[in-house]
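Note that the protein sequences, when read in sequence, are chains A and B.
The opening position of the first sequence corresponds to residue 1 in full-length UniProt numbering, with each subsequent residue numbered one higher.
The opening position of the second sequence corresponds to residue 1 in full-length UniProt numbering, with each subsequent residue numbered one higher.
These notes are about the structure you will find just below.
2 protein chains.
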Amino acid sequence: MSDATDHAAHVQTVPARRRRPTMRDVAQRADVSLKTVSRVVNDEPGVSTALAVRVRRAIDELGFHPHAGARLLRTDGRTSAIALLLEDVANPFSAAVQRAVENEARERGVVVFSASIDEDPARERALAREFGARRVDGLLLAPAGDDQSYLADELPSGTAVVCVDREANGIAVDSVITTNALGAAEGVRHLAAAGHRRIAFLGDRRSIRTADQRYAGYRDAIASLGLPLDPGLVVHDLRESADADGAVTALLARPDPPTALFTAQNLITIGAVRALRRLGAEWSVALVGFDDVLLADLLSPGITVVAQDPAAIGRTAANLLFARIAGDTSPPGVRLVPTTLIRRGSGEIQSG
Amino acid sequence: MSDATDHAAHVQTVPARRRRPTMRDVAQRADVSLKTVSRVVNDEPGVSTALAVRVRRAIDELGFHPHAGARLLRTDGRTSAIALLLEDVANPFSAAVQRAVENEARERGVVVFSASIDEDPARERALAREFGARRVDGLLLAPAGDDQSYLADELPSGTAVVCVDREANGIAVDSVITTNALGAAEGVRHLAAAGHRRIAFLGDRRSIRTADQRYAGYRDAIASLGLPLDPGLVVHDLRESADADGAVTALLARPDPPTALFTAQNLITIGAVRALRRLGAEWSVALVGFDDVLLADLLSPGITVVAQDPAAIGRTAANLLFARIAGDTSPPGVRLVPTTLIRRGSGEIQSG
DNA sequence: CGACGTGGAGACAACGTTGTCGGAACTGTG
DNA sequence: CACAGTTCCGACAACGTTGTCTCCACGTCG
């Protein structure tokens, strides 16, 4: 058994803290001027090979590392860093977006600061300020609050901003969002096509713009299908899996229960599935969820979903941001990323 | 339908790029000295209220934002930033670790840079250098390569380092890791307790230390149970879900197939489940997976797993790192985070 | 042989901030 | 009124780096 392998051999201890060597130290050791060291470090021309070698040896011997902050100060250029503010990096959707952004950033040698907002507008603003002070080149933001006009105050002018997953409000910036209303409507119509007339809606807080758009899609689809909109079948404000579980349990206990469920967010979908299982109703009540879930295909029945494309969202947003950083000044707009209906069984259960 | 809501009203355009205001500009406008502005910004004593008000108004009018880089340069203090280098932020395990680290960092007003290494040692080193140049206070690293002695060269002296999920090699730093061998052994013994004698092992690349430790646990358990170690039942090098699917298919096609599977990583577990389903063997072949999977409880049968505790790992590692940053110089060591066996059905299928 | 590039190298200032110190304007005391 | 003690404020230097300019030692060409 070897959970903690022995690594006493070849250990190189981290040197004790001391003043970090600077270019001046290198210059002294190599017996050249400060500027010559700078030239070598930046691969500027105009240094003879002999000197360059001497300088490089001094750099190695001293363990010199250029100070990115000082360089930035002098050049006042880009920091080659962007900030990514998402709802919660642990949510699979956010994680996929983050990964896509990182891929784009990597290609450009840009690093990514990331942080979770947790649906807290105050935290959203504080984080924006924080990263603004660090002079990020751009900010990718999934807004939690309903007004982002504060960005004009908190961000140094010149900081590019692109919103992901949700639109910004009160400020003119690009947004990249899922076709929430269209996708939700498609999911609802899919259920109606299987004969369902009593389709429940289970959603997150309506203050979340995407949640509201998905509800709008539900409402529109119900109306265009000529079905009555029964407020008793609509539940908002579900924040976590367990809330959805409870809501489904309550809905199915009604005298006139729904025959189909539309769950408007991934954690809600999971809670609903749990409830249906417990009630033994997974094969009698139809279900379509918004946003895909890992393993959804392996359940019985498989979960039919309106899948988002987080990778496309992240990629598109990152590209827009880098274009802005590079100087693109075209009028900002909204990019829509389409959804895909994936049939797996739960959404094809017939009514009655 | 309203996926793109109209936000033409109340739009406040981002000002065009211009020189960002500095303290000097503020000083000029408020008709005070540069230093007085500095005092106000940092809430230092020794400024009359009247002046402070004037300065603050000037700051607002100009939209001044302190330059974190310049401040750092002067104080040569902490950057209040740490870097988090994980295998892949999109993997649920990594995402959970990241989230836990972020929680700890948030309490301390520290921001987190994060990046994915993707099992590429060269990238690991490049990222370490990158963040070192940005003078992060500390580095949280899930090493991909098998030697981290390069850290002594790439990192400015004084940068704290703690390894997560995997131990470092060639350098004396703290590590926080799961009890991989013990956990794997427990999973295997659990299968043996259900009467299985032919238990297959499916694992990732052995170059990954955790993968190797889990295999060691498997081997030790098999030996201590007095079972023969059949090399034909051991498959390494499974990199993704599909690889595992193929491996299981091949194993079960053998004349003497295993009656139980131990899958040593979450994606491998998923691939194995897919294969079992396709072969209709999910109720006849037992399965225990290492690392938990979302929705594992809703499958039929539920997937029995040896669950890791990524939140505890992240929390512990972050706390260790902050202690080091604060000056803790006690000898570095390895912290082990225990696993938990969660019985859900697939691991309790009896042999024969 | 003199004027002229040309390429290598260094001196100096500047980026935006903060620490140190010194000075001016008050206050209260003998 | 002289004096010390406060309180408030500003001049200056420094942090580590890079842009600009200058200088010097070459060779080269007319």
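Positions of the beta carbon are idealized from the N, C-alpha and C atoms, including for glycine.
Proximity test, residue i beta-carbon vs the ligand ATP heavy atom, cut-off 6 Å
i	result
Pro-143 of chain A	Absence of the ligand ATP is noted for the structure shown, with no ligands found whatsoever.
Residue j beta carbon less than 7 Å from that of residue i
i	j	result
Ala-83 of chain A	Arg-134 of chain B	no
Pro-338 of chain A	Thr-79 of chain A	no
Gly-195 of chain B	Ser-351 of chain B	yes
Phe-113 of chain B	Phe-131 of chain B	yes
Ala-58 of chain B	Arg-39 of chain B	no
Ile-171 of chain B	Leu-191 of chain B	no
Ala-272 of chain A	Val-288 of chain A	no
Ala-307 of chain B	Thr-340 of chain B	yes
Gly-145 of chain A	Glu-119 of chain A	no
Pro-310 of chain B	Val-97 of chain B	yes
Arg-335 of chain B	Val-176 of chain B	yes
Leu-62 of chain B	Val-32 of chain B	no
His-65 of chain B	Pro-156 of chain A	yes
Val-173 of chain A	Ala-221 of chain A	no
Glu-167 of chain A	Arg-315 of chain A	no
Supposed contact pair residue j and residue i - C-beta distance, whole angstroms, cut 8 Å
i	j	result
Ala-260 of chain B	Ala-286 of chain B	4 Å
Glu-240 of chain A	Thr-304 of chain A	The pair is not a contact, with the Cβ atoms about 22 Å apart (cut-off 8 Å).
Asp-342 of chain A	Ala-160 of chain A	Correcting the residue identity first, residue 342 of chain A is Ile in this sequence and not Asp. Not quite, the Cβ-Cβ distance comes to about 34 Å (not below 8 Å), so this is no contact.
Gly-302 of chain B	Arg-274 of chain B	About 16 Å; that fails the 8 Å criterion.
Asp-204 of chain B	Ile-268 of chain B	7 Å
Leu-182 of chain A	Cys-163 of chain A	With a Cβ gap of about 19 Å, Leu-182 of chain A and Cys-163 of chain A do not count as contacting.
Arg-206 of chain B	Tyr-215 of chain B	7 Å
Val-37 of chain A	Val-53 of chain A	Their Cβ separation, rounded to whole angstroms, is 13 Å, which puts Val-37 of chain A and Val-53 of chain A out of contact at 8 Å.
Ala-244 of chain B	Leu-202 of chain B	6 Å
Residue range of the unbroken alpha helix (DSSP H) whose run includes residue i
i	result
Thr-22 of chain A	Note, Thr-22 of chain A: premise wrong, no alpha helix (DSSP H); not H, not E.
Ile-340 of chain A	The amino acid occupying residue 340 of chain A in the given sequence is Thr; Ile does not appear at that position. Per DSSP, Thr-340 of chain A belongs to no alpha helix (DSSP H); it is in the beta strand (DSSP E), 340–342.
Val-40 of chain B	34–41
Leu-155 of chain A	Here Leu-155 of chain A belongs to no alpha helix (DSSP H), and DSSP marks it neither H nor E.
Leu-251 of chain A	241–252
Ser-94 of chain A	92–107
Asp-31 of chain B	Run containing Asp-31 of chain B: none; DSSP gives neither H nor E here.
Gly-132 of chain B	121–133
Thr-79 of chain A	From DSSP, Thr-79 of chain A is part of no alpha helix (DSSP H); its letter is neither H nor E.
Thr-75 of chain A	68–75
Residue i at chain A interface by Cβ criterion, 7 Å
i	result
Pro-66 of chain B	yes
Arg-99 of chain B	yes
Gly-271 of chain B	no
residue 353 of chain B	There is simply no residue 353 of chain B to check, as chain B begins at 1 and stops at 352 in what is shown.
Gly-69 of chain B	yes
Leu-229 of chain B	no
Ser-114 of chain B	yes
Val-337 of chain B	no
Gly-132 of chain B	yes
Val-111 of chain B	yes
Ala-211 of chain B	no
Arg-20 of chain B	yes
Gly-279 of chain B	Checking the sequence shown, residue 279 of chain B turns out to be Leu, not Gly. No, Leu-279 of chain B lies away from the interface with chain A (no Cβ there is under 7 Å from its Cβ).
Ala-96 of chain B	yes
Pro-156 of chain B	yes
Unbroken beta strand (DSSP E) run spanning residue i, endpoints
i	result
Gly-289 of chain A	286–290
Asp-174 of chain B	174–178
Gly-138 of chain A	138–141
Cutoff 7 Å: residue i Cβ touching any chain B Cβ
i	result
Arg-239 of chain A	no
Val-89 of chain A	yes
Val-285 of chain A	no
Glu-102 of chain A	yes
His-10 of chain A	In this prediction, His-10 of chain A has a pLDDT of 39, which is less than 50 and means its spatial position is unreliable; nothing more can be read from the coordinates.
Leu-295 of chain A	yes
Pro-258 of chain A	no
Leu-73 of chain A	yes
Opposing strand residues paired with residue i [DSSP bridges]
i	result
Thr-263 of chain B	B:Leu-202 and B:Gly-289
Ala-115 of chain B	B:Leu-85
Gly-345 of chain A	A:Gly-302
Arg-335 of chain A	A:Val-176
Val-53 of chain A	Its beta-bridge partners do not exist; DSSP assigns none.
Ala-307 of chain B	B:Thr-340
Val-161 of chain B	B:Leu-139
Val-235 of chain A	A:Leu-202
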